[in-house]
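Beneath this line is the structure, given in structure tokens, with notes to follow.
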Amino acid sequence: MIIKDAVCPFCGCLCDDLDVEIDGQKIIRVQNGCTLAESTFTGSTRLQAPIRRTASGWEMISYDDAITDAADILLSSDRPLLYGWSSTHGETQSFGVHIAELIGGVIDNTSTVCHGPSILAIQEVGHPGCTLGQVKNRADVIIYWGCNPTEAHPRHMSRYTTFATGFFVPEAQRGRTVIVVDTRRTESAEIADEFIRIKRGGDYQVLSALRAIVRGKGNVIPNEVAGVSREQLIRIAEICKNAKFGAIFFGLGLTMSAGKYKNVRNAIELTDELNRHTKFTISPLRGHANVYGSNEVFTWITGYPYAVDFARGIAFYNPGETTAVDILRRGECDAALIVASDPGAHLPHSAAAHLAKIPTILIDPHQTATTPLCRLQIPCTIAGIDAEGTAYRMDGVPIRYKKIVESSYPDDADLLRRIHDRILEVKGV
Amino acid sequence: MYQDGSVTVRVILETKQRSKPFLPVEAESIIPRNFLKGTDLTVYEGNKERALSEMFWIFVEGTAVSPDKVEVVLKGDTARIKRVGEYMDTGSIRIMGDIGMHCGNFMSGGLIEIGGNADAWLGREMLDGSIICHGNAGHYCASGYRGEKHGMKGGRVEVMGNAGDFCAEYLTGGEVYIHGSCGDMGGVEMKGGMLVIGGDATRPCGNMKDGTCVILGRVQEMIPTFERIERRVLPEWKITADVYKGDVANRGKGTLMVNTSGLV
Amino acid sequence: MTELLVKNACVFDPLNGISMDVMDISIRDGRVVESVSATAEVIDAHGCLTLPGGIDSHSHVCGTKVNFGRYMSPEDMRAGRTARRGKMHVTSGYYVPTTFGNSYRYSTMGYTTVLEGAMAPLEARHTHEEFTATPHQDMMANTLFDGNWAIMEAVQKRDVKRAAAIVAWTLSAVKGYSIKLTNPGGTEAWGWGEDLTSIHEPVPNFNVTPAEIITTMIAANEFLHLPHSVHLHCNNLGKPGNYQTTLETFDLVPDRNNGRQTLYATHVQFHAYGGTTWRNISSKSEEIAHSVNAKPQIVMDMGQIMFGRTMTMTADGPMEFNLYCLHHNKWSNHDVELETGSGIIPVLYSKKSLVNCVMWAIGLELALLTKNPYQCLLATDNPNGAPFVKYPEIIGLLMSKRYRDEEFATLHNDTGQRTIISSIEREMDWNEIAIMTRAGQAKALGITPQGKGHLGVGAEADIAIYPIRCRNVDPSTEYRKVIEGFQKTMYTVKRGRIIARDGEVIVEGANSTFWVNPSVPEEISVATDPEFVRKFEEYYTVRMGNYPVQDVYLPRGKCIRTEVLP
């Protein structure tokens, strides 16, 4: 049987045009997706049952026991950290926030190691953006800055930009100019019309220079900025000013190089400046399929998109202080709940290592690099495969994950609801 | 920095040993004014409320008459105690060792003296008063809060050692004097006030709108959108400096003065 | 079976002609009934002002751009924060509160039903998720069609039935309530960074004018028999001299409906400017009110501004960008493919600004010059003009000339030269306020058949009891009591349950979402039209099958079905 228009739960592209072929409750083939989609759907073995660490190894326990254990650990903590959330759906994320509020803990999501800086920049200067269809239908100039979509978002260019046909760009690639900016010549640079190579750590200076040129004050900048010639900068500024519709996409090259959120801010301010001449938008290339969902859910409940601290009974937000990496690196938390994420693999070692020193609960369908760090792991469904729910695409468009197959695993939303209710019960609320 | 004779009561708080010393403590109740009524205050350790006496040995010398004559002394393992001096408006606080984040937040008067290092966000959103740190300051020294248009509006922050990244971000008024070096992007988004860096700086004053910054050491990676106006002798700093206006990218009219022997 | 008896309520129920009657209200299972048994729970209103639950007919509280407003404003989030307390969750935000913040603050003010001002169909799922997290108000969504490509194509072909079929399909797919047009045609022009300056200027590439979009959509709306009329944010919002556009627009509107208006014009204050530049801007409220007084087919809301900081957020992308160019505050923009746009930017309305003082006067003038209170409703386009927590102050201003004069004295010196507010003597009475804050909204939105906006037998028991002894309070002089009274109810009852008491929300909520499923004859339905489907799949970036909002998003949805005229 083929399930049409399935939604891929891997990356921020949230492609919703996949045809997934199943045989009984087993996924056998995926059409229309990229290779990342293929491996996501036909993926690896999953943990069979909840497991708890003992002195001699691991023991399998019941879901009821696992939930009681988890609630007990969280209840007795003075500074619990709830982290992850990007690979699951909205209902689970909501419960996470409510639990954190109940127990006076800190809740953070994977923005912290990815596009947190983009959010900080937006909080300073706003976000002049649009949905991906605007880019597909109108953009004649596309800039990829500090990201390599060919590898990390393989269908971005074919669904939304370079190779896509749009209402006003029927000739697709022939009607578009693609500019790639990076510190090295990536695969994405190979298909670009213009490649700008920047010296590592120099993005901020290049963006400042471009802003000045667009303003008409190019005379103040030197002959070369961070390895880029003034001549190339002026040419790029001209291409941008003459565009009918320009779209900038950016990734970790901006968010994780020196200056971080200031780099993104500068790119946004360049976009603002260009809007005085023509139509220009800027958008972050979100990595995880539903990290934006966790930002949205956290925000409408608490007011903040990540790094929320409930220790004082109010919602307090201060990245650098209430972010998971900082809390873990400083050894500040005394218990942790990890949901739908793999900090063992993605956090700096100095941070991830702390998880092994405290009681850590992991809710994840697979054995991952985080499993050796935790005390208790509870397997659950995989959103988009055996659980449905809401996900938010990188441009904010909400799409509902389909349930492709049935399984006997509990939905992680259900698990969290039960932990939440148990905490309420014990607290006598 | 002040005469002992002006203090009529000294409250000495010495940290007790904690079973979980890595938990942060939030102690915004530790401001001189609060000790007029006694020492029956609370602080937070993680999500637990604790009496001051649970966390500190408390010694009081003298009798409190008015808040401006109250001096609070902090001793012991104070590096993780946050928000000391928050909203302080008078009196003095002396920390013998290191101090945690947000020391002197929203301060509008009085004096804070730190013997050791200060963690991030020292003097955040300060309005007036004086902070002196004998050691190093962390990131965001004398800065603002996320999303606000203005940062520090008045007062004086002096760091004898080095400061971290984003020092004096959004500086709107007052003075910040770092004797040592700054990390990345000191003075970024400045729009008023005075920032002096005795040592080196990297990419200073990005997006500057107004205000004055003087750098006595060396500058790494000057932002390319500052317009050099002239070379001038600065007798008060005993240097010759290149004077720049900018940040041109941001329609800025700030003044950045860099020691001529300092440009790399 | 749950019963509640409200004793000694001083009731104003304009839709049932009740005015300052002290009476008991009997409630069973969420509805007003004739009488209840002796075992009913009893609350005593002590002769205090009792009104049907408040209804906000235009407020931005849920959805993509509202959430944008929150997460780009951590400084506002911390300014308005409250701690977890009893049944109440943590809240954050002063001018863009979190969903629970909105819900608790509305409850405290006695509001029980809200129309979300703007929902882009493509992002409807987000709006519905936030509706569920605004648990103490029944919600419904104005659905944006102003830049809709399929609609503009139908308008170009002068095909009203086609436009109606598209509206029908879209409203039922995304579970929307009504047709919203924001700067019609202008939001599509903004897709290229442009705007339209006249309702007769054609939209680039689509060859239709705003006037044509408006008239076609009005015809489609009436053809479908929708409960609410077309809801319009006129072109040229905020521009000096724009009152001409507003009058021209009003002149387009026929009288097509016996039960309600044919056009709801929203936040008209922003559309009532004379002059040619910011320097000579003046109030044209008299001209606007004159037009509306002669046209029973038009209902408007004030769009009152109040001084202080707030956040502007509308689908009117180009207008928001203009504000950015003026004030250089942080600016967000979010254009939605094939549908509409949006922009967000914080503002400060200051008494030192003559322009802002004129704006403040205009909103009040519109209300006071409109003869029939059903035709000018109280709203601030929350949060654009001011956060909704300022409604009580607006009530105070409408009811008291003295209060208006006192405020006027603190404004810019030249305000009197540009406005007529200081010469208006009229003071609204309790009945008129009840109309402007609930009865009028219920009628305009078409929700009286659902039992909203009145307290007759059969009505939903949404009740607000304010601590105001209206027989003993003279609102003309004791406006402080009026304002304080409207800020915090003694009781707010929702569907027969006491949900708030003296400012505390005491139970978990279980709201409903109203939506409309208009049926059209099979032969004009677009769902099976190959051309509609082909264009959808080709130009959108989501699949048509994934676009409709699934039932699960409306746990207590209330679907209103309509049939076309024969």
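Protein chains in written order, with my numbering: chain A, 474 to 902; chain B, 641 to 904; chain C, 67 to 632.
All C-beta atoms, glycine included, are put in the ideal place defined by N, C-alpha and C.
As the structure is a prediction and not an experimental result, all values here were calculated from the model.
Between the alpha carbons of C:Leu392 and C:Val413 lies a distance of about 11 Å.
The C-beta separation of B:Ile671 from B:Gly725 comes to about 6 Å, placing the pair in contact by the 8 Å criterion.
The contact set of C:Met377 on chain A, defined by CB atoms closer than 7 Å, is empty, because the minimum CB distance reaches about 11 Å. The C-beta distance from A:Ser661 to A:Thr623 rounds to 5 Å, short enough to meet the 8 Å contact threshold.
Exclusion of the five residues before and after C:Leu313 leaves Ser357 as the residues of its chain whose Cβ lies within less than 6 Å of its Cβ. Of all alpha-carbon atoms in C:Cys625, C:Thr315, C:Glu107, C:Tyr605, the one lying nearest the alpha-carbon of C:Arg563 is that of C:Glu107.
Taking 8 Å as the cut-off, the Cβ atoms of C:Cys625 and C:Met86 do not count as close. The Cβ atoms of C:Val296 and C:Leu247 sit closer than 8 Å to each other. Under the 8 Å Cβ criterion, the stretch 275 to 282 of chain C counts as touching the stretch 220 to 227 of chain C, having at least three qualifying pairs.
Taking CB atoms only, B:Arg764 has no neighbour in chain C less than 8 Å away. A:Glu574 is the residue among A:Gln504, A:Glu898, A:Glu574 whose C-alpha sits nearest the C-alpha of A:Phe771. Within the stretch 326 to 391 of chain C, complete alpha helix (DSSP H) segments of at least 4 residues are found at 351 to 359, given in chain order. If the five residues before and after B:Leu767 are omitted, its C-beta is found closer than 6 Å to the C-beta atoms of Ser748, Lys793, Gly794, all from its own chain and listed in chain order.
Any Cβ of chain C closer than 8 Å to the Cβ of B:Glu809 would place that residue at the interface, and such an atom is absent.
Every alpha helix (DSSP H) of 4 residues or more that sits fully in the stretch 730 to 773 of chain A is shown, in chain order, as 734 to 747. Residue state for A:Thr508 is assigned as helix, using DSSP reduced to three classes.
For C:Leu434, the enclosing alpha helix (DSSP H) has its first and last residue at 420 to 435.
Along the stretch 120 to 147 of chain C, going in chain order, the ones with a CB nearer than 8 Å to a CB of chain B are Met138, Ser139, Pro140, Glu141, Asp142, Arg144. Closer than 8 Å to the CB of B:Tyr785 there is at least one CB belonging to chain C.
For B:Gly686, the nearest beta carbon of chain A is closer than 8 Å to its own beta carbon.
A straight-line Cα-Cα distance of about 21 Å links C:Ser351 and C:Asn448. Straight-line measurement puts the Cα of A:Phe753 at about 9 Å from the Cα of A:Lys714. B:Met830 is the residue among B:Arg858, B:Met830, B:Ile837 whose C-alpha sits nearest the C-alpha of B:Gly892. Distance from the CA atom of C:Ser125 to the CA atom of C:Gly167, rounded to whole angstroms, is 14 Å.
The three-state secondary structure of A:Asp782, taken from DSSP, is strand. About 4 Å separates the Cβ atoms of C:Val402 and C:Ala186, confirming a contact at the 8 Å cut-off. Going by DSSP, A:Gly606 is part of the alpha helix (DSSP H) stretching over 605 to 611. Between A:Ala510 and A:Leu491, the C-beta spacing is below 8 Å. Classified as buried, B:Arg650 has 16 or more neighbouring CB atoms from the shown chains inside 10 Å of its CB. Closest option to B:Met848, judged by alpha-carbon separation, among B:Arg673, B:Leu896, B:Cys807, B:Val713: B:Leu896. Taken through DSSP and simplified to helix, strand or coil, C:Arg563 comes out as strand. In terms of CA proximity to B:Pro844, B:Phe806 leads the group B:Gly814, B:Arg734, B:Ser901, B:Phe806. In this chain, the alpha helix (DSSP H) harbouring A:Val798 covers 797 to 802.
Where C:Val586 is concerned, there is no enclosing beta strand (DSSP E), because DSSP gives it neither an H nor an E. In the structure shown, B:Val705 adopts coil according to DSSP, grouped into three states.
Per DSSP, C:Phe552 lies in no beta strand (DSSP E) segment; the continuous alpha helix (DSSP H) that holds it begins and ends at 545 to 553.
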